[in-house]
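Colleague: Note that the protein sequences, when read in sequence, are chains V and X.
According to the numbering used here, numbering within the first sequence proceeds without interruption in unit steps and concludes at 460.
According to the numbering used here, numbering within the second sequence proceeds without interruption in unit steps and concludes at 1030.
C-beta: ideal position from N, C-alpha, C; glycine also.
Predicted model, so just to flag it, every value in this text is computed and none were measured.
Sharing a structure with you now.
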Amino acid sequence: MTTVIETKKLTKYYGQSRGIIDVDMSVDEGEIYGFIGPNGAGKSTTIRILLALIYATGGTATIFGKDVVKDGPEIRQEIGYLPSEVFYYDNMRVKELLDYSASFYKKDCSKRINELSEIMDLDLSKKIDDLSYGNKKKVGIVQGLLHEPKLIILDEPTGGLDPLMQQKFFDLIHEENKKGATVFLSSHILSEVQRLCDRVAIIKEGKIIKIERMSDLGKSNYSQFRIVANKPISKDYFAIEGVSELKTNETHVSFLFKGDLNMIVKMISTLDLQSLMVEEPDLEDIFLHYYQ
Amino acid sequence: MKTVYLHELRQNARTAIIWIVSLVGGTGLYMSLYPAFAQHANELNKVLQNYPPVLRKALNINFDAHFALASFFALVMGFITLAAAIQAMNLSTAITSKEEREKTAEFLLSKPLTRQSILTGKLAAAVTIILSTNVVFMISMRLLLMSISQTSLTEPVFLLMTGSMLLIQIFFLALGLLMSVSLPKVRSVLSVSLVTVFGFYIIGMLDAVLGAKAVRYLTPFKFFDLIYVYKHSSYEWQYLIVEAVFVIAAGIAGYIIYQGRDINTI
């Protein structure tokens, strides 16, 4: 399988302040790759380095096997980018902006512009200045996809779109992906990533802390325990190896557990139980676990 | 590059037209006073002689020429080049900073363009606007001067005198380009350009403090002594060299800095 994006020890400092540190990633052709982390973790920094808007202070980044800075213009022929916040020339009309955007690519995009604006329900004759934020975002989506790029980079794409549009947008991305486009999706919204991605990299304070298949993450070995006992449980009763996210409140206990289930069941069996719930944790819980 | 160039021209067209109309109109208005001045030249000369020498120098008033057309035109050009410098400075200070302030830089720079071609496209548009301004200005002034005075300026002298405006604008174009790419964030193009242009204008008035010779090398407003131009039908070459060196250096530095720096996107 060919690698589309590859970063090795990619590092960026803004003066003294941290951007990203030693980011190693490899995105395969045809996959939808999620990039998730809280605000300020370094998601946009990574993307901006990939687009050569800013330069890394260390490490390397390649796209389609080419250096993102040296071969930037050539690489960007095949990249569609939707930034998290969209800003365009206010005095232009939507059609003019899209034509301007299309003029940089070596193919005729007029048909695709019409198709996409129809799907996204976008009025081409309006002035950018008169558009709502959500509609500007639609312009962003169309300008990012009009040249049928091989790599689509989305930076928190759904902000400002209503649920219906989000659905249309995801369908569109799925369709492009089926046609062969690789998708790199950064987000802090888990459900978004969960819905779309094959693999996900989790970034925290500038460092990648985990890269996993979405399917593996889903059926991880973690179990979520919720216990209600008849008598108060001591706070450190469950403070053993394998337990995380431990919350004790008198008779109520909840925690994530990874390890030998027999052992934890034995421990629970000594309690005077009122109720017991063991379930697969949702991703939100797992991520919270990573973030703390 | 071509599409960036055309886009920039379109974005700046309206402002450019307003500038051209104002520059031509302003100069026209001043020059329309010439016949009145010429009639009462002697009395005026007496009045002006009572002005303090510093002020006379600052206003670029020269008595030898006795309100000849050239002298009066030189005086007017002194005011007009100040405005023209602001036009050039506005254009080039905005060259990259505007897109970064209005956050459209992220759109443009994520397209398959080299930074060099972006800068060249934008710079070419700015130069085109400046050249058009000067062409329109020269043609209108030629017509105007011919209509108000029989003893008009000769062709070369006229071209050299009005050409000084172009050269001053090119100086500020280069300076603005350098500032646009190197200042971390330009919040207001107009305030940066006004402060810079007036700064250089004021330096030009400080010859008493800095020395007349030094001042002439320090500010483009003093590079071109129009009375000298009138008398000798040429510029003083040493100032042309100063300007050329500055423009080339600022241009090269501008490209290198823009190539190597992070784009402000947030």
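Any C-beta of chain X within less than 9 Å: which residues of the region 208-222 of chain V qualify?
Modeller: Listed by position, the residues of the region 208-222 of chain V near chain X (Cβ gap below 9 Å) are 212, 216, 219, 220, 221 and 222.
Colleague: May I ask you to report which of helix, strand or coil DSSP gives residue 235(V)?
Modeller: Three-state DSSP puts residue 235(V) in a strand.
Colleague: Could you tell me which chain X residues have their CB closer than 8 Å to the CB of residue 245(V), listed as they occur along the chain?
Modeller: Residues of chain X passing the Cβ test: 876.
Colleague: Taking only the alpha-carbon atoms, compute the straight-line gap between residue 324(V) and residue 929(X) and give it to the nearest angstrom.
Modeller: Taking the straight line joining both Cα atoms gives about 50 Å.
Colleague: Are any of the Cβ atoms in chain X nearer than 8 Å to that of residue 301(V)?
Modeller: No, residue 301(V) does not count as interfacial toward chain X.
Colleague: Under the DSSP definition of a beta bridge, which residues are partnered with residue 411(V)?
Modeller: Answer is 425(V), bridged to residue 411(V).
Colleague: Looking at the unbroken alpha helix (DSSP H) that takes in residue 198(V), where does it start and where does it end?
Modeller: Careful: residue 198(V) lies outside any alpha helix (DSSP H) and carries neither H nor E.
Colleague: Give every residue of the same chain whose Cβ lies closer than 8 Å to the Cβ of residue 274(V), excluding the five residues on either side of it in the sequence, and list them in chain order.
Modeller: Closer than 8 Å at Cβ, skipping near neighbours: 245.
Colleague: Compare the C-beta of residue 1027(X) against all C-beta atoms of chain A and say whether one is closer than 8 Å.
Modeller: Among the protein chains of the structure shown, namely V and X, there is no chain A.
Colleague: Mind checking which residues open and close the alpha helix (DSSP H) that includes residue 267(V)?
Modeller: From DSSP, the alpha helix (DSSP H) with residue 267(V) extends over 262-270.
Colleague: Count the other CB atoms, across all protein chains shown, that sit within 10 Å of the CB of residue 291(V); report buried if there are 16 or more and exposed otherwise.
Modeller: By the neighbour-count rule (16 or more Cβ atoms within 10 Å), residue 291(V) is not buried but exposed.
Colleague: Compare the C-beta of residue 933(X) against all C-beta atoms of chain V and say whether one is closer than 8 Å.
Modeller: Not one chain V Cβ lies under 8 Å of residue 933(X).
Colleague: What residues in its chain sit with their C-beta under 7 Å from that of residue 828(X), if we drop five residues either side in the sequence?
Modeller: Reliability of the predicted coordinates at residue 828(X) is poor, the pLDDT of 49 falling under 50, and no value is obtained from them.
Colleague: My output table needs one value for residue 342(V): the three-state DSSP class, helix, strand or coil.
Modeller: Here residue 342(V) sits in helix by DSSP.
Colleague: Checking 8 Å against the spacing of the C-beta atoms, do residue 447(V) and residue 392(V) come in under that value?
Modeller: Result yes, Cβ atoms of residue 447(V) and residue 392(V) sit closer than 8 Å.
Colleague: Would you mind working out which of 270(V), 366(V), 402(V) and 293(V) sits nearest residue 417(V), comparing C-alpha positions?
Modeller: Out of 270(V), 366(V), 402(V) and 293(V), 402(V) has the C-alpha closest to the C-alpha of residue 417(V).
Colleague: For residue 176(V), does the three-state DSSP call read helix, strand or coil?
Modeller: In this structure, residue 176(V) counts as strand in the three-state DSSP scheme.
Colleague: With H, G and I counted as helix, E and B as strand and the rest as coil, what does DSSP make of residue 380(V)?
Modeller: Strand at residue 380(V).
Colleague: Would you say residue 278(V) lies against chain X (beta-carbon separation less than 8 Å)?
Modeller: So, not an interface residue.
Colleague: List the residues that DSSP assigns as beta-bridge partners of residue 396(V).
Modeller: In the DSSP output, where bridge partners are listed per residue, residue 396(V) has 420(V) and 443(V).
Colleague: According to DSSP, simplified to helix, strand and coil, what is residue 448(V)?
Modeller: If DSSP states are grouped into helix, strand and coil, residue 448(V) belongs with coil.
Colleague: Going by Cα to Cα distance, which pick from 382(V), 438(V) and 414(V) is closest to residue 399(V)?
Modeller: Cα-wise, what sits closest to residue 399(V) is 438(V).
Colleague: At a CB-CB cut-off below 9 Å, which residues of chain V make contact with residue 949(X)?
Modeller: Neighbours of residue 949(X) on chain V: none; closest Cβ ~14 Å, over 9 Å.
Colleague: Does residue 868(X) get closer than 8 Å to chain V when you measure Cβ to Cβ?
Modeller: Residue 868(X) counts as touching chain V.
Colleague: When we look at the beta-carbon of residue 851(X) and count the other beta-carbons within 10 Å, is it buried (16 or more) or exposed?
Modeller: Result: buried.
Colleague: 8 Å is my cut-off, CB to CB: does residue 767(X) come that close to chain V?
Modeller: Output row for residue 767(X): interface = yes.
Colleague: At what residues does the alpha helix (DSSP H) containing residue 952(X) begin and finish?
Modeller: Unbroken run through residue 952(X): none, as it is neither H nor E.
Colleague: Use the C-beta contact count for residue 311(V): other C-beta atoms within 10 angstroms, 16 or more gives buried, fewer gives exposed.
Modeller: Classification for residue 311(V): buried.
Colleague: Give the interface partners of residue 771(X) over in chain V, defined as CB-CB distance under 7 Å, in chain order.
Modeller: 268, listed in chain order.
Colleague: Below 6 Å CB to CB, which residues in the same chain sit around residue 769(X) once its five sequence neighbours on both sides are set aside?
Modeller: Excluding sequence neighbours, residue 769(X) sits near 885, 888 and 889.
Colleague: Should residue 205(V) go down as buried or exposed, given a rule of 16 or more other Cβ atoms within 10 Å for buried?
Modeller: With 16 or more other Cβ atoms within 10 Å, it is buried.
Colleague: Please tell me whether residue 873(X) has its Cβ less than 8 Å away from any Cβ of chain V.
Modeller: It does; some Cβ of chain V falls within 8 Å.
Colleague: Who are the neighbours of residue 242(V) on chain X, taking C-beta pairs under 9 Å?
Modeller: Within chain X, the residues near residue 242(V) are 876.
Colleague: Could you give the first and the last residue of the continuous beta strand (DSSP E) run that contains residue 369(V)?
Modeller: 367-372 is the span of the beta strand (DSSP E), which, as asked, contains residue 369(V).
Colleague: Expressed to the nearest angstrom, what Euclidean distance is found between the alpha-carbon atoms of residue 257(V) and residue 913(X)?
Modeller: Each residue's Cα considered, the two are about 47 Å apart.
Colleague: Just to check my reading of the structure: residue 423(V) and residue 413(V) have Cβ atoms closer than 8 Å, yes? What is that Cβ distance to the nearest angstrom?
Modeller: Rounded, the Cβ-Cβ distance is 6 Å, consistent with contact.
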